[in-house]
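Novice: Position 74, counted from 1, in the sequence shown is what our numbering calls 134; the numbers after and before it change by one each time, with no gaps. The C-beta atom is built at its ideal place from N, Cα and C for all residues, glycine as well.
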Amino acid sequence: MNLVTTIIIITATLSVILAIVSFWLPQMSPDYEKLSPYECGFDPLGSARLPFSLRFFLVAILFLLFDLEIALLLPLPWGDQLSSPLLTFLWASTVLVLLTLGLIYEWLQGGLEWAE
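(1) Any idea what DSSP makes of residue 162, helix, strand or coil?
(2) Distance check for residue 71 and residue 166, CA to CA, integer angstroms please.
(3) In whole angstroms, what is the alpha-carbon distance linking residue 188 and residue 81?
(4) With respect to the alpha helix (DSSP H) encompassing residue 116, which residues constitute its N-terminal and C-terminal limits?
(5) Under 8 Å, do residue 152 and residue 128 count as touching if we go by C-beta distance?
(6) Would you tell me roughly how many angstroms separate the C-alpha atoms of residue 154 and residue 147, rounded to the nearest one?
(7) From residue 87 to residue 94, what distance separates their C-alpha atoms?
(8) May I have the straight-line CA-CA distance separating residue 159 from residue 126, to the nearest angstrom?
(9) So residue 84 is in the alpha helix (DSSP H); what residue range does that whole segment cover?
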C-alpha cells in the first residue's frame with residue numbers, strides 16, 4: 061500500500077475510535093462551582109456579557125487581513141515555484157491590488173471612522 065493511503069486509514073481509524081470513546085466516557089455533571097465564572101478567586105463584579113464595540117472587531121479583522129498579506133508576500137521571492145519572474149510579480153500585484161481595493165471600500169463605507 062501507498063504511504064499516503066496508510067496514513068489516511070490510520071487517521072480515519074483513530075478519529076472513529078476517539079469519537080466512539082468520547083461517547084462512552086462518563087458525562088461530568090456541572091455544579092454551582094463549575095458553572096460560576098472565575099475571576100482570580102473573587103466573585104464577579106459585573107455581568108460577563110458586556111456589549112462589544114463593532115469598531116474594535118473591524119480593526120482586528122483589518123489587522124488580520126494585512127497580517128495575512130505580509131505572511132503571503134514575504135516568502136514569495138524565495139518560492140521560485142512559478143514559471144517566470146513576471147508571473148510572480150503579477151501574482152503579488154494582484155494580491156496587493158485586491159487588498160488595497162478592499163481597504164479603500166472599507167474606508168469609503170466609514171468602517172475606519174472611529175468617531176461618529
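Specialist: In brief:
(1) The sequence position of residue 162 within the sequence shown is 102, counting from 1. It is helical.
(2) Position 106 of the sequence shown, counting from 1, holds the residue named residue 166. Position 11 of the sequence shown, counting from 1, holds the residue named residue 71. If I take the Cα positions, the gap works out to 42 Å.
(3) The shown model of the chain, from 61 to 176, leaves out residue 188, and the question about it has no answer.
(4) Stepping through the sequence shown from its first residue, residue 116 is reached at position 56. Taken as a continuous stretch (DSSP letters only), the alpha helix (DSSP H) holding residue 116 covers 114-133.
(5) Reading the sequence shown from its first residue, position 92 is the one you call residue 152. Reading the sequence shown from its first residue, position 68 is the one you call residue 128. No, these two residues do not count as a Cβ contact at 8 Å.
(6) Counted from its first residue, the sequence shown places residue 154 at position 94. Counted from its first residue, the sequence shown places residue 147 at position 87. Answer to the nearest angstrom: the Cα atoms are 10 Å apart.
(7) Working through the sequence shown from its first residue, we reach residue 87 at position 27. Working through the sequence shown from its first residue, we reach residue 94 at position 34. Rounded to the nearest angstrom, the two C-alpha atoms are 14 Å apart.
(8) Residue numbering aside, residue 159 sits at position 99 when the sequence shown is read from its first letter. Residue numbering aside, residue 126 sits at position 66 when the sequence shown is read from its first letter. In a straight line, the C-alpha of residue 159 is about 8 Å away from that of residue 126.
(9) Along the sequence shown, one-based indexing puts residue 84 at 24. Start and end: 63-84.
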